[in-house]
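The numbers in my numbering rise by one with no breaks, and the one at position 212 of the sequence shown is 232. Don't be surprised by glycine CBs; every beta carbon is placed ideally from N, CA and C.
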Amino acid sequence: MTTIGRPVRSDRASSTQEAILVAAERLFAEHGVFAVSNRQVSEAAGQGNNAAVGYHFGTKADLVRAIEEKHRGPVEELREQMVAELEKSGGSPGMRDWVACLVRPLTDHLESLGSDGSPTWYARFAAQAMTDPAYYNIVVKGALSSPSLVQVVEGFNRCLPDLPADVHYERNVMARNLLMHTCADRERALAAGASLHQSSWRAAASGLIDAIVGLWLAPVTPPE
Numbered sequence: 021m022t023t024i025g026r027p028v029r030s031d032r033a034s035s036t037q038e039a040i041l042v043a044a045e046r047l048f049a050e051h052g053v054f055a056v057s058n059r060q061v062s063e064a065a066g067q068g069n070n071a072a073v074g075y076h077f078g079t080k081a082d083l084v085r086a087i088e089e090k091h092r093g094p095v096e097e098l099r100e101q102m103v104a105e106l107e108k109s110g111g112s113p114g115m116r117d118w119v120a121c122l123v124r125p126l127t128d129h130l131e132s133l134g135s136d137g138s139p140t141w142y143a144r145f146a147a148q149a150m151t152d153p154a155y156y157n158i159v160v161k162g163a164l165s166s167p168s169l170v171q172v173v174e175g176f177n178r179c180l181p182d183l184p185a186d187v188h189y190e191r192n193v194m195a196r197n198l199l200m201h202t203c204a205d206r207e208r209a210l211a212a213g214a215s216l217h218q219s220s221w222r223a224a225a226s227g228l229i230d231a232i233v234g235l236w237l238a239p240v241t242p243p244e
């Protein structure tokens, strides 16, 4: 009887955890991480026990990390495929190739999440977390631990013009914000049923790649 009961309890716990992750991602995306309590997440996930978040995940930071890790795996897999294709093609990849490896895994993942027509929340969640100092490192530094992303950044840096260190840092922040907040804006518009200039995530990705390449190659104004 115990042997039979364990898988049932395990499946129930897994189902509860997924319900909490989905509810938290939506609430954090809509209202920001700071404004949402673990109690609100538990209620939105249909849990009668308001301590369900703490029981299954721990702190709010642990919950944010779990949401990020849930999406990081699929994005990483897409990026690994793109990098492998670059390596197979031979030649020397240029800046646009490496920027595509930064942009398209995210936009392709967002497209797959909404393939059934339902709204997605991940871009808005990540954008909210990136604006909160308490959770910024979970999203940004966590992503930088990805082996394929490290490889992409190294390849990208080899293509960059010689930039002053402060300009390099500033443009890195600009490019990161441009990518995530543009995706969040598109995700929000799709959820609201608003008309969009770009008809698909793939077209939006091309525009982002153009903009990010242009940002990095823009001339540097000498200090006044």
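Presumed contact (8 Å Cβ cut-off) between I232 and L199, rounded CB distance: One-based indexing of the sequence shown puts residue 232 at position 212. One-based indexing of the sequence shown puts residue 199 at position 179. Their Cβ separation, rounded to whole angstroms, is 7 Å, which keeps I232 and L199 in contact under 8 Å.
CB contact flag (C203, L126, <8 Å): In the sequence shown, residue 203 corresponds to position 183, counting from 1. In the sequence shown, residue 126 corresponds to position 106, counting from 1. Between C203 and L126, the gap from beta carbon to beta carbon is short of 8 Å.
Proximity of V172 and W236 at Cβ, strictly below 8 Å: Along the sequence shown, read from residue 1 onward, the residue named residue 172 stands at position 152. Along the sequence shown, read from residue 1 onward, the residue named residue 236 stands at position 216. Their beta carbons are not under 8 Å apart, which means V172 does not touch W236 by this criterion.
Buried versus exposed, by CB contacts within 10 Å (16 or more), H51: The residue labelled residue 51 in the question sits at position 31 within the sequence shown. So H51 ends up on the exposed side.
Of the residues E107, R144, L164 and P153, the one placed nearest R92, counting alpha carbons only: For the purposes of this step, residue 92 is taken as the residue at position 72 of the sequence shown. Ranking the options by Cα distance to R92, first place goes to L164.
Coarse secondary structure for V119, derived from DSSP in three states: Your numbering for residue 119 matches position 99 in the sequence shown. Helix, per DSSP.
Reference I156; option with closest CA among N192, V53, G213 and I229: In the sequence shown, counting from the first residue as 1, residue 156 sits at position 136. Sequence inspection shows Tyr at residue 156; the Ile mentioned does not correspond to that position. The option with the nearest alpha carbon to Y156 is V53.
Residue range of the unbroken alpha helix (DSSP H) whose run includes Q101: Counting from 1 along the sequence shown, the entry for residue 101 is found at position 81. Its alpha helix (DSSP H) spans residues K80 to S109.
Burial state of H217, where buried means 16 or more other Cβ atoms lie within 10 Å: Against the sequence shown, residue 217 aligns to sequence position 197. H217 should be labelled exposed.
DSSP state of A55 mapped onto helix, strand, coil: Within the sequence shown, residue 55 is the residue found at index 35, counting from 1. In this structure, A55 counts as coil in the three-state DSSP scheme.
Buried versus exposed call for T140 [16 or more other C-beta atoms within 10 Å across all chains shown]: Counting from one through the sequence shown, the residue named residue 140 turns up at place 120. Buried: at least 16 other Cβ atoms inside 10 Å.
Pick from A49, N70, A212 and G66 that is closest to R59, judged by C-alpha positions: As a first step, residue 59 must be located in the sequence shown, where it is residue number 39. Checked all of A49, N70, A212 and G66; the closest Cα to R59 is N70.
Assigned secondary structure, G74 (DSSP; H/G/I helix, E/B strand, else coil): Working through the sequence shown from its first residue, we reach residue 74 at position 54. In the structure shown, G74 sits in a helix (DSSP, three-state: H, G or I).
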